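Using the numbering used here, read the sequence shown as starting at 443 and increasing by one per residue. Below is one structure, written out as structure tokens; the observations come after it.
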Amino acid sequence: MVNVRALVAPAGLLVVGVGWHMAALAIAERTAGVFPRVPDVLVDRLPLVHFGVWGELAFFAFILVFATVLLRRRWHELPKFLALIGLYYALRGSFLLLVPIGAPLGAALPVDRFTLYPYAAHAFFPGGHFGLMVLLTLWLPTARFRVWFVAATLAFGVGTLLAKTHYSADLLGGALLAYAVYVWGERRGSRWRTLANSVGEQSG
443 MVNVRALVAP AGLLVVGVGW HMAALAIAER TAGVFPRVPD VLVDRLPLVH
493 FGVWGELAFF AFILVFATVL LRRRWHELPK FLALIGLYYA LRGSFLLLVP
543 IGAPLGAALP VDRFTLYPYA AHAFFPGGHF GLMVLLTLWL PTARFRVWFV
593 AATLAFGVGT LLAKTHYSAD LLGGALLAYA VYVWGERRGS RWRTLANSVG
643 EQSG
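Structural data, given as structure tokens:
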């Protein structure tokens, strides 16, 4: 039986991180006023492709498959995953507040494309969906799983550029931020092992 108390603090960090992320977007919405477009030598030359609901479904399918792998093989590391995803979103929110840029040239207006994400008019650098996919892929336990997740992540990144929902620098920034969070977490392995052992304990 899982010791739920061991998950409280990591889950709290996730809530705080995501909460700050959304608050930063709301602050930028109220204070920036204008969200300028930025030239992108790659995206500006690509055709606009509308993926509609399929783009969001692909992302959620990725998360669902990862969660299945996690529950089967690394469920005891759930505290680490929750805490570091919270850290990732907290850092991303800070960047979004500091760099509130507008959509790439030729992008469809938020009202003209399918999105479940609020503040889609200026939530760009670093790329959140792509960065999270990179972070989750780095956590996969075996190369066999990782190959498929890398392929899916790269395909999603290409689709993101074709849909003009991000700049190319957004994807690079999201990947680098994800890698930094991953390395920081791995260097604190002993702390995560202690939490992992707590999660696996039998509760009274």
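Heads up, the beta-carbon is just placed ideally off N, CA and C, and yes, glycines get one too. On a predicted model such as this, the values are computed, not experimentally measured, just so you know.
Beta-carbon proximity check, residue i vs residue j, cutoff 8 Å
i      : j      : result
LEU547 : ASP486 : yes
VAL576 : THR602 : no
GLY535 : TRP462 : yes
LEU524 : LEU619 : no
GLY569 : HIS518 : no
C-alpha distance - residue i paired with residue j, whole-angstrom precision
i      : j      : result
ALA448 : PRO583 : 22 Å
ARG588 : LEU580 : 8 Å
TYR531 : LEU520 : 17 Å
MET443 : SER610 : Any reading at MET443 needs caution, since the residue's pLDDT is 47, under 50, leaving its predicted position unreliable; the model's value is listed next. Each residue's alpha carbon lies about 45 Å from the other.
LEU614 : ARG514 : 31 Å
GLY627 : ALA565 : 25 Å
THR510 : PHE501 : 14 Å
ALA617 : LEU539 : 19 Å
ALA605 : PHE572 : 13 Å
VAL600 : TYR561 : 22 Å
ALA451 : LEU499 : 30 Å
ALA503 : GLY497 : 10 Å
VAL458 : LEU574 : 17 Å
ALA470 : VAL480 : 17 Å
ARG516 : LYS522 : 10 Å
MET464 : ALA474 : 15 Å
ARG472 : ALA466 : 10 Å
LEU484 : TYR621 : 23 Å
ALA593 : GLY454 : 32 Å
ASP482 : PHE493 : 21 Å
VAL446 : ALA468 : 32 Å
Start and end residues, alpha helix (DSSP H) containing residue i
i      : result
TYR621 : 610-628
VAL480 : Where VAL480 is concerned, there is no enclosing alpha helix (DSSP H), given that its DSSP letter is neither H nor E.
PHE566 : Looking at the DSSP string, PHE566 is not in any alpha helix (DSSP H), and its letter there is neither H nor E.
TYR530 : 520-540
HIS492 : HIS492 -> no alpha helix (DSSP H), and no H or E assigned at all.
GLY548 : Careful: GLY548 lies outside any alpha helix (DSSP H) and carries neither H nor E.
Close-in-space but distant-in-sequence residues of the same chain around residue i (CB under 8 Å, 5 per side omitted)
i      : result
GLY646 : Any answer about GLY646 is weak, because its pLDDT of 41 lies below 50 and its placement is not dependable; what the coordinates show is given next. No residues qualify anywhere along the chain.
VAL623 : LEU526, LEU529, TYR530, LEU533, LEU577
Other residues of its chain near residue i: CB distance less than 7 Å, five sequence neighbours each side excluded
i      : result
VAL460 : GLY528, TYR531
PHE477 : PRO542, ILE543, GLY544, ALA563, HIS564
Whole-Å CB distance - residue i paired with residue j, under 8 Å assumed
i      : j      : result
PHE567 : PHE537 : 6 Å
LEU506 : ALA550 : Contact doesn't hold; Cβ gap of about 27 Å is too wide.
Closer than 8 Å to chain C by CB, residue i
i      : result
ALA468 : In the structure shown, chain C cannot be found, because there is only a single protein chain.
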